Ligand SMILES: Cc1cc2nc3c(=O)[nH]c(=O)nc-3n(C[C@H](O)[C@H](O)[C@H](O)COP(=O)(O)OP(=O)(O)OC[C@H]3O[C@@H](n4cnc5c(N)ncnc54)[C@H](O)[C@@H]3O)c2cc1C
């Protein structure tokens, strides 16, 4: 196995162009497991560790440009105000050691239905910036990024450069069911983001379908219910009947399997519970912020 060590982004793109089958390695917390278990034996590993710009982030007016290799620890420490959903999701990834190395770019590269960053990214709204030496840069909306079980929209000669994530304009939540509190792959996960500026909500579901998905019917129902009831203006409590319908529609969006971590029926049920809970938490935060700044 050859080890390619580009020192810059340009060199990394050139190496990927020359060896499209080369496997990029960022934190290595997925790649090394696959190699150690002999699930993968690539001819070339493409080490991104020396590409400094992949570990940088920038907070813009409306979006955060998050370098692909920024580790979870840094997201939790530096970006929890701008990206609260992703910061909460980062907290639930594995252990401190894995969070020090693991990255959102790596999570997207693996594209597991159980990747914890994915529901938060779907709920916040984002675009994945990918690039190849031959065709240059393009941005893939997160809704189009996951193409199948552990498959994504990357072409063989492309690398993920950054993720452009909408800065939070309202409360966001992420909640995960696991068999214990740490070092656990999600049985299922749910993320909710309120977007008061556009008076919309977005959701993300993990580990309850072949790919991470949004619960679109649930979003549409809640958008209409909040608008028709004038809830964005009054900041009144959302009645339990709305929460229950939202939960039912979120549960209905799932297409889970039975596996060692949980049954399909349990996953459907749990997503409904997480949807109702995250709606309660988010809406209470929204009401609180409205009480503090009623004229905002
Ligand atoms: C003990 C343990 C516990 C874990 N627990 C969790 C958990 O709770 N939740 C969770 O979501 N994950 C978990 N994981 C999985 C893993 O930590 C995450 O998926 C992490 O985000 C991977 O990031 P990385 O930088 O280490 O990726 P790597 O292992 O370096 O790469 C992962 C994949 O992405 C590709 N890749 C990386 N960077 C790029 C790039 N810039 N462009 C194109 N492709 C790229 C690689 O080729 C590879 O296919 C766990 C792993 C371990 C070992």
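Residue numbers (my numbering): 704 to 999.
Every residue gets a Cβ at the ideal spot worked out from N, C-alpha and C, and that includes glycine.
The model shown is predicted, which means the values in this text are computed figures rather than measured ones.
Heavy atom of ligand 1 within 7 Å of residue i beta-carbon
| i | result |
| --- | --- |
| residue 727 | yes |
| residue 757 | yes |
| residue 734 | yes |
| residue 704 | no |
| residue 804 | yes |
| residue 810 | yes |
| residue 711 | no |
| residue 700 | Given that the chain is displayed from residue 704 to residue 999, the structure contains no residue 700 and the question cannot be resolved. |
| residue 776 | no |
| residue 762 | no |
| residue 977 | no |
| residue 772 | yes |
| residue 863 | yes |
| residue 738 | no |
| residue 746 | no |
| residue 795 | yes |
C-alpha distance - residue i paired with residue j, whole-angstrom precision
| i | j | result |
| --- | --- | --- |
| residue 746 | residue 913 | 29 Å |
| residue 999 | residue 990 | Confidence in residue 999 is poor, its pLDDT being 49 and thus under 50, which makes the residue's placement unreliable; the coordinate value appears in the next sentence. Straight-line Cα distance between these residues: approximately 12 Å. |
| residue 851 | residue 818 | 13 Å |
| residue 899 | residue 892 | 23 Å |
| residue 715 | residue 824 | 25 Å |
| residue 981 | residue 721 | 46 Å |
| residue 963 | residue 995 | 46 Å |
| residue 874 | residue 988 | 6 Å |
| residue 849 | residue 944 | 33 Å |
| residue 939 | residue 808 | 39 Å |
| residue 967 | residue 810 | 23 Å |
| residue 1009 | residue 705 | The question about residue 1009 has no answer, for the chain in this structure spans 704 to 999. |
| residue 718 | residue 863 | 14 Å |
| residue 971 | residue 959 | 7 Å |
| residue 993 | residue 937 | 9 Å |
| residue 933 | residue 926 | 11 Å |
| residue 778 | residue 887 | 19 Å |
| residue 749 | residue 759 | 19 Å |
| residue 780 | residue 731 | 21 Å |
| residue 845 | residue 977 | 22 Å |
| residue 935 | residue 915 | 28 Å |
| residue 841 | residue 725 | 21 Å |
Neighbourhood of residue i by C-beta distance below 7 Å, restricted to the same chain and skipping five residues each side
| i | result |
| --- | --- |
| residue 753 | 708, 709, 710 |
| residue 843 | 830, 831, 833, 856 |
| residue 889 | 817, 819, 879, 880, 881, 909, 910 |
| residue 756 | 712, 770 |
| residue 751 | 715, 727, 728, 729, 757, 772 |
| residue 837 | 720, 860 |
| residue 924 | 948, 949, 952 |
| residue 847 | 856 |
| residue 975 | 950, 951, 953, 954 |
| residue 853 | 813, 814, 815 |
Own chain partners of residue i with C-beta closer than 6 Å, once the 5 adjacent residues on each side are dropped
| i | result |
| --- | --- |
| residue 762 | 785 |
| residue 775 | 793, 796, 802, 805 |
| residue 876 | 895, 981, 984, 985 |
Test item: CB-CB of residue i and residue j under 8 Å
| i | j | result |
| --- | --- | --- |
| residue 1011 | residue 985 | Residue 1011 lies beyond the range of the chain shown here (704 to 999); nothing can be said about it. |
| residue 918 | residue 897 | no |
| residue 727 | residue 812 | yes |
| residue 790 | residue 822 | no |
| residue 885 | residue 798 | yes |
| residue 902 | residue 946 | no |
| residue 865 | residue 768 | yes |
Close beta carbons around residue i, own chain, < 8 Å, minus the five adjacent residues each side
| i | result |
| --- | --- |
| residue 871 | 784, 785, 786, 787, 788, 827, 896 |
| residue 1016 | The question about residue 1016 has no answer, for the chain in this structure spans 704 to 999. |
| residue 920 | 952, 955, 956 |
| residue 765 | 869, 870 |
| residue 835 | 716, 719, 720, 858, 860, 861, 862 |
Given 8 Å, three or more beta-carbon pairs between the stretch 733 to 740 and the stretch 875 to 888:
no
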